[in-house]
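Mapping of the sequence shown onto the numbering used here: position 226 corresponds to residue 227, and the numbering continues sequentially without gaps.
Written out below as C-alpha cells is the structure these notes cover.
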Amino acid sequence: MEQGLKGSMWAPISGSRRTHDLDGYEARSRSLPPPLAASSTGSAWTRTTTMGTDARTSKAACITARLQSFHRFEQTCHRLRWKFIDLESSYERALKPLEWGFTPQDAERNFKVDFHEFYAWIEQAIVFLLLVFGITVGKGTRGAPPSTAGSSSHAYHHNVLKALDENENPLHGTLGAGDVNQALWKAKELRNRWKDAAEGRETPPLKMYDLRWIVTSILCGLEEAYGVAGTEVEGDLGREEKSVGEDGWEWMVESMDWEA
Numbered sequence: 002m003e004q005g006l007k008g009s010m011w012a013p014i015s016g017s018r019r020t021h022d023l024d025g026y027e028a029r030s031r032s033l034p035p036p037l038a039a040s041s042t043g044s045a046w047t048r049t050t051t052m053g054t055d056a057r058t059s060k061a062a063c064i065t066a067r068l069q070s071f072h073r074f075e076q077t078c079h080r081l082r083w084k085f086i087d088l089e090s091s092y093e094r095a096l097k098p099l100e101w102g103f104t105p106q107d108a109e110r111n112f113k114v115d116f117h118e119f120y121a122w123i124e125q126a127i128v129f130l131l132l133v134f135g136i137t138v139g140k141g142t143r144g145a146p147p148s149t150a151g152s153s154s155h156a157y158h159h160n161v162l163k164a165l166d167e168n169e170n171p172l173h174g175t176l177g178a179g180d181v182n183q184a185l186w187k188a189k190e191l192r193n194r195w196k197d198a199a200e201g202r203e204t205p206p207l208k209m210y211d212l213r214w215i216v217t218s219i220l221c222g223l224e225e226a227y228g229v230a231g232t233e234v235e236g237d238l239g240r241e242e243k244s245v246g247e248d249g250w251e252w253m254v255e256s257m258d259w260e261a
C-alpha cells in the first residue's frame, strides 16, 4: 500500500530521504487553550471572523485557537503515520490470510475494522485543518442525502467532506477537488459500509475496491494541505508559549468521540 508515498511524510524514515518539516513544526508547536466555541447554524460549515470593540482580544484568541488546531493536526499526522504502517501490515494479512494463520473471513473482517479506525483519524485531521482557517463543521443535515438526514452523527461526517467542496474553502484545491476528493468520498463510503464488520455482518469484499489508490491519494492530499496550513500560521508561530505542556497529547485519549 506504500506505492506512491516514497519520499513523502508518510514513508518510513531513512537516511537517504528528505526529512519532512513536520518534525520542525512539532518542535515549535505548543499546547494551547481550547479553540473558540462556534455555534452551529445547520449549514455544512461556518467560518469565524473577528469584529466589534473587542476585536483585538478576539483576534488574539482566534490566533491561539488556530495554532492549537495546527499543532493538533500535526499530532494527528504523527498518529496517522503510525497507523498507516499498521494498516499496510493488516492489508497484507488480509490478502494472504492463510500464511498468517487466519481464515479469509476473519482476516478480511479485521482489516475492515482497521480501515474504519484509520478513516476516523483522516477525518479528525481534516477537522483540525478546517479549524486552522476558522472553519467549523456543523452537525445540521442541510445538504445531506436522505439516508443520513435522520442522524446528526452521519450528517456531521457528510458535512466534513462537503465543506471541502466549497470553492471559497482554502483547502478546496488540495482536498476538495480531483483524485484526492474522490478518494475521500470513497473512503467515507467504505467507512459506512464496513462499520458493521466488527459485528460479523456481511460487508462488501476488499477486492471490489482499489484500496492502495484510495489511501495513497488521501495521504498525498493531506501532505499538500499540511503545507497550505503551515503557510497560513507561519507568521503566528512565534506567539506560542515557550514551555510544552505535559498534557499535549491527552486530548487523544480523553475522549475518542472527538467531534462531540
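For each residue, glycine too, the CB sits at the ideal point set by N, CA and C.
Since we're looking at a predicted model, the values are computed, not measured.
With distances taken between CA atoms, valine 138 lies nearest to Asn170 out of Trp214, Asn170, Trp101 and Glu109. Only exposed fits glycine 228, as fewer than 16 other CB atoms lie within 10 angstroms of its CB. Under the three-state reduction of DSSP, lysine 187 is assigned to helix.
In the DSSP assignment, tyrosine 227 falls within the unbroken alpha helix (DSSP H) covering 212-234.
One alpha carbon belongs to leucine 172, the other to leucine 131, and they sit about 8 Å apart.
Rounded to the nearest whole angstrom, the CA to CA distance from glutamine 125 to leucine 220 is 13 Å. Within its own chain, the residues whose Cβ lies closer than 7 Å to the Cβ of tryptophan 195, once the five positions on either side in sequence are excluded, are Lys113, Phe116, His117 and Thr204, listed in chain order. Leucine 99 and arginine 110 have their alpha carbons spaced roughly 14 Å apart. Glycine 179 carries a helical assignment under DSSP once its states are collapsed to helix, strand and coil. Across the set Lys189, Asp197, Arg94 and Leu88, the C-alpha of Lys189 shows the shortest separation from the C-alpha of isoleucine 127.
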